[in-house]
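The structure appears below as structure tokens.
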Amino acid sequence: MRKVLREKLKEAINSLLPIVVIVLVLNFTITPMTFPVRGLFIGGAILLMFGMSLFTMGADMAMMPIGEHLGQFLTKSRKLWLIIGASLVMGTMVTIAEPDLQILSRQVPGVDKNVLVVFVAVGLGVFLVIAMLRIMFIWNMSYLLCGLYIGALVLGIFVPKEYLAVSFDAGGVTTGPFAIPFILALGVGVASVRGGKSTMYDSFGLAALCSIGPIYAVMILGFKFPAKESTLGVAEIENITNVWQLIGAFLHGLPEYAHEIGLAVAPLIIVFLLFQVFALKLPLKHLARIGIGLIYTFLGLTIFLTGVGVGFMPAGTFIGEFVGKLEYSWVLIPLGVLMGFFIVLAEPAVHVLIDSVEDMTGGAIARRTLLRAFSISVGISVGLAMLRVVTGISIWWVLLPGYGLAIALSFFVPKIFTAVAFDSGAVASGPMTATFLLPFTMGACAATGGNMMMDAFGVVAMVAMTPLFTVQFIGLMYDRRMKATKKEEQDEMGSMAVSMEGEEFLDWGVVPQLAVAGGAAMGEVSVQDDFVQDDYAHEADMDFVASPEWVQAMHSEEKHAEVTMDNNYIDFDECEVG
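In terms of the working numbering, the sequence shown opens at residue 191 and continues consecutively.
Following this line, the structure appears as structure tokens:
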């Protein structure tokens, strides 16, 4: 346990160090921060490191197993009504508990906080049902995403313009550090029982589909509630003058976040316990591990959110407002690119997704490759958000080409990359985006005199959109490289066949006769043995490149073998409807 915690802490430090260095460099150059802002930021960074470590360890021990066990149980039940009902309830509950949504709801004027949270949560729950049905009935992911996103963009034409950016922001914040482990594991559990050759591909895509539901939910709310101008709300921190008051600020925020997370998580735990008593009946050892994991998750998320809420939000607002007032405010664009490039590495849900992808693909999609794709994507997205703040251009100029390119690519890249790409967009916009980049953008928007609802909101949507095409570009290049590798192997085998023409080899049918013939025959047999050894040696020296298709086939066979030990292949066309 201690070894795992040390590894998680090391990962957290490596993830957070770049953004901490950038902010401190800004502090000593163009944006000198006051003592309270600087002190809260440093204290928040320390809490983030410990909080992220505990949370990721707790997610591995609790949230992932809960989701996987529930997914397997629901699928084995063969009862469609149970699958739909449980998915709707669980999806709604994990979304209500999502801290990113709580943060965003406080900053959207015109709609009551609780109404927004519940409406968005139900929207995600409905689309989780759609995602589950996609896995069970093997619906085409590209066509489904294409239809749903086109529908959202068409609906956006009629929505009040103040709600457009907020709608797409809501889609990004709901798939955060609390919901993602559960949703990903649920997909793995369902796909593993469903079986078939598409197991690995079907395991991903749930987060992508779930993130669309909140977009529709907020757009519908936009027709009901009139838009209001948002203001920049900054907590009074200037009266902090010493270290003890800094510590007091964190201690004051800690119980508030703990209470909020406890109330949000309690219904989810109750539902899981009901499933445990009446259906799952997991061994006590597994249940104890899940219980310890839930404690780690609760503590880690509480510490993490205290750090970002108390420490990072004031720093983001201060830096954005200070730079926005400079004569050369255009520097916001390259600064946004730099901050976005590194800040995504501190998102807990990003690491959960990468670990899941690496595990499911057997390393065929490398961790380092995905991290680079995330960094480049978020760097571009924050740069685009700053461009909107500086120039005031409509978000339509970014959304339409961005989603158009992503949807078009989905028809040309391997399916696994499409599913991972859209999941990547869902997880990239987590607590760091909601509590640092959004306040940073709002501060810059207030300084430049822009419209907060139309120009500042939308940064989360940008962060959620760019990974859709950057990860798919990687898939496109990977696919071309694999085809080139296969062609080289075929050419090499052809060359070997040509070079072997005319050579005489011993017919295995004459070996018994040669054995009777005596010593001369033994010499010929040894020649054959040498040939066989050389042949196998040649094969042992050949380089092997693991493709996603090969890994998928192997993983599918393993899962199918496990499932068929106690459960036959399930045809969901024959599910019980009642």
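Where a beta carbon is used, it is the ideal one built from N, C-alpha and C, also for glycine.
Predicted, not measured: the structure shown is a model, and the values here were computed from it.
Same chain, Cβ closer than 6 Å to Val312, five either side skipped, listed in chain order: Thr282
Pairwise C-alpha distance: Phe394 and Ile597: 17 Å
Separation of Ala609 from Gly341, as counted between CA atoms: 19 Å
Coil, strand or helix - Gln297 by DSSP: coil
Where Asp733 sits in the DSSP three-state scheme: Residue confidence is low: Asp733 scores 39 on pLDDT, short of 50, so the model does not pin down where it sits. Its coordinate-derived value is still stated next. Asp733: coil per DSSP, three-state reduction.
Extent of the continuous alpha helix (DSSP H) to which Phe775 belongs: Outside the shown range of the chain (191 to 768) lies residue 775, about which nothing can therefore be said.
Euclidean distance between Cα positions of Leu335 and Leu278: 20 Å
Any 3 or more C-beta pairs closer than 8 Å across the segment 296 to 305 and the segment 367 to 382: no
Three-state class that DSSP yields for Thr365 in the structure shown: coil
C-beta atoms of Gly248 and Thr492 nearer than 8 Å: no
Rounded straight-line distance, which links the Cα of Ile606 to that of Trp329: 14 Å
Uninterrupted alpha helix (DSSP H) stretches inside the segment 301 to 328 (no shorter than 4 residues): 303 to 327
C-alpha distance - Leu216 paired with Pro222, whole-angstrom precision: 7 Å
Local Cβ density within 10 Å of Phe734, reported as buried at 16 or more and exposed below that: Bear in mind that the predicted position of Phe734 carries a pLDDT of just 39, short of 50, making it too unreliable to give a figure here.
Test item: CB-CB of Ile485 and Ile256 under 8 Å: no
Glu140: first and last residue of the uninterrupted alpha helix (DSSP H) it sits in: As shown, the chain starts at 191 and ends at 768. That puts residue 140 outside it, with no answer to give.
Identity of the residue in Gly315, Phe626, Met254, Phe240 nearest Ile273 by Cα: Gly315
Pick from Gly684, Ala636, Met690, Leu595 that is closest to Pro657, judged by C-alpha positions: Leu595
Exposure label - Arg671; buried when at least 16 CB within 10 Å: exposed
Assigned secondary structure, Glu511 (DSSP; H/G/I helix, E/B strand, else coil): helix
Rounded Cβ spacing between Phe309 and Ala407 (contact assumed at less than 8 Å): 5 Å
Tyr333 classed as buried or exposed, judged by whether at least 16 other C-beta atoms fall within 10 angstroms: exposed
Alpha-carbon to alpha-carbon, Met632 and Asp359: 14 Å
Simplified DSSP state of Glu517, which is helix, strand or coil: coil
Arg557 beta carbon less than 8 Å from that of Ile544: yes
Delimiting residues of the alpha helix (DSSP H) encompassing Val498: Element bounds for Val498: n/a, residue is neither H nor E.
Contacting residues, own chain, Cβ-Cβ under 6 Å from Ser614 (five flanking each side not counted): Pro657, Val661
Coarse secondary structure for Pro629, derived from DSSP in three states: helix
Nearest to Ala252 (by Cα), restricted to the options Leu627, Glu511, Leu477: Leu477
Cα-Cα separation between Gly499 and Val588, rounded to whole angstroms: 29 Å
Pro208, DSSP secondary structure in three states: helix
Assigned secondary structure, Gly709 (DSSP; H/G/I helix, E/B strand, else coil): Interpretation of Gly709 is limited by its pLDDT of 49, a score under 50 that renders its predicted location unreliable; the figure taken from the coordinates is listed afterwards. The answer is helix: DSSP assigns Gly709 an H, G or I state.
Glu352, buried or exposed, once every other Cβ within 10 Å from all chains shown has been counted against 16: buried
First through last residue of the alpha helix (DSSP H) which encompasses Leu345: 331 to 348
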